[in-house]
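Heads up, the sequence shown is in the numbering used here, so the first residue is 583 and it goes up one at a time.
From the three backbone atoms N, C-alpha and C, an ideal C-beta is built for every residue, glycine too.
It should be emphasised that the depicted structure is a prediction, and the values quoted were computed from it without experimental measurement.
I have placed the structure first, in the form of structure tokens, so that the comments after it can refer back to it.
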Amino acid sequence: MKTVGIAMPRIDGPLKTSGTAMYASDHHFPGMLYAVAVGSTIANGKIERMDVAAAEKMPGVHAVLHHGNMDKIFRTAPDSDFTAYMDEQRPAFEDDVIRYYGQYVALAVAETFEQAQAAARAVRVTYRSEKPNVSEELGLKEMKDLGEMSKRGDLEKAFAAAPVKVDQTYTTPSETHSAIELHATVAVWEGDILTLHETSQGVTNHRNVLVQQLGTPKEKVQVISKFLGSGFGGKLFPWPHSALAGAAARQVG
């Protein structure tokens with residue numbers, strides 16, 4: 583405890599202030615490909631048809647992956663010490679069912695980021711749209727063992743009986759937290775060993791999730807996040823694009 587209360591130079595200070603700190607998307611490797619996801623334009627329903635022919639013929643495109651041709655990404659189960667946790671248990675491209683607006687339905691892989699963007703825009707998806715499930719009760723039908731989430735009591739009665747009452751006005755500022763680093767994943771396979779350069783607030787949990795999703799031994803997956811451009815909790819758990827990057831890099835090469 584000799585450094586508490588003493589001004590200390592930040593180890594990462596010079597790198598960050600000089601702009602030389604390497605964040606996840608700053609890593610580039612020979613022959614690296616870029617992937618851009620296609621998001622669903624409906625909130626609930628099914629994919630009836632996906633036309634990727636035009637996208638596949640575009641310059642620099644190596645593949646357009648979707649639930650019909652993507653290698654399987656497995657569901658996860660938290661470890662006994664709760665170190666393999668993610669919010670969205672249903673992996674990307676599991677089937678043709680759409681559960682929310684923006685859900686990934688395809689992934690364009692190309693030689694440049696711009697080519698991948700163009701290919702993603704060229705993918706045409708026909709949906710059978712259904713009424714969105716916006717009711718809490720409808721959503722809870724698919725969730726098990728949650729028990730009682732909350733219970734609403736009698737506010738007026740409780741307030742009247744309270745021995746101490748505090749009258750205060752609270753206001754919410756117009757500002758909100760915004761991470762300076764967007765979500766990004768760079769996946770590199772060397773034989774059967776995967777290295778992920780990731781923007782993550784929990785690399786151990788991230789590694790344990792990817793191990794299950796990709797069916798890879800734990801000792802053969804490494805997640806690196808040397809610098810984090812803030813996260814505010816939004817980078818605590820893996821998002822679907824991380825497993826997609828690892829699976830696509832293994833499948834396309």
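{"Check": "Among Leu737, Ala617, Ser782 and Val834, nearest to Trp771 - alpha-carbon criterion", "Outcome": "Val834"}
{"Check": "Among Gly587, Lys808, Met614 and Asp749, nearest to Ala698 - alpha-carbon criterion", "Outcome": "Met614"}
{"Check": "Ala619 vs His823 beta-carbon contact at 8 Å", "Outcome": "yes"}
{"Check": "Complete runs of the alpha helix (DSSP H) confined to the segment 676-760 [at least 4 residues]", "Outcome": "695-704, 718-722 and 737-743"}
{"Check": "Nearest-angstrom beta carbon gap, Val768 and His609 [assumed within contact, 8 Å]", "Outcome": "5 Å"}
{"Check": "Distance CB(Val716)-CB(Val687) smaller than 8 Å", "Outcome": "no"}
{"Check": "Cα-Cα separation between Phe814 and Thr694, rounded to whole angstroms", "Outcome": "30 Å"}
{"Check": "Limits of the alpha helix (DSSP H) - the one that Thr777 falls within", "Outcome": "Not the alpha helix (DSSP H): Thr777 falls in the beta strand (DSSP E), residues Ile775 to Glu780."}
{"Check": "Alpha-carbon spacing of Glu670 relative to Trp821, whole angstroms", "Outcome": "7 Å"}
{"Check": "Within 8 Å, strictly: CB atoms of His779 and Ala606", "Outcome": "yes"}
{"Check": "Rounded C-alpha distance that separates His644 from Val791", "Outcome": "27 Å"}
{"Check": "Residues of its chain near Asp677, where Cβ-Cβ distance is below 7 Å and the 5 sequence neighbours each way are ignored", "Outcome": "His649"}
{"Check": "Assigned exposure category for Ile629 - 16 Cβ within 10 Å defines buried", "Outcome": "buried"}
{"Check": "Exposure of Met652, with buried meaning 16 or more beta-carbon neighbours within 10 Å", "Outcome": "buried"}
{"Check": "Range of the contiguous beta strand (DSSP E) that encloses Gly621", "Outcome": "Tyr616 to Gly621"}
{"Check": "Coarse secondary structure for Asp633, derived from DSSP in three states", "Outcome": "strand"}
{"Check": "Sub-8 Å separation of Gly627 and Arg710 beta-carbons", "Outcome": "yes"}
{"Check": "From Asn787, Tyr683 and Gly811, residue whose alpha carbon lies closest to that of His759", "Outcome": "Gly811"}
{"Check": "Extent of the continuous beta strand (DSSP E) run through Leu647", "Outcome": "Val643 to His648"}
{"Check": "Distance CB(Pro673)-CB(Ala666) smaller than 8 Å", "Outcome": "no"}
{"Check": "Inter-residue CB distance, Ala830 and Val691 (contact presumed, cutoff 8 Å)", "Outcome": "6 Å"}
{"Check": "Cutoff 7 Å; reference Phe656; Cβ partners in own chain excluding five residues on either side", "Outcome": "Pro673, Gln794, Gln795 and Gly797"}
{"Check": "Thr875 - containing alpha helix (DSSP H), residue span", "Outcome": "Nothing about residue 875 can be reported from this structure: the residues present for the chain run from 583 to 835 only."}
{"Check": "Spatial neighbours of Phe741 in its chain, beta-carbon cut-off 8 Å, leaving aside the 5 residues before and after", "Outcome": "Lys747"}
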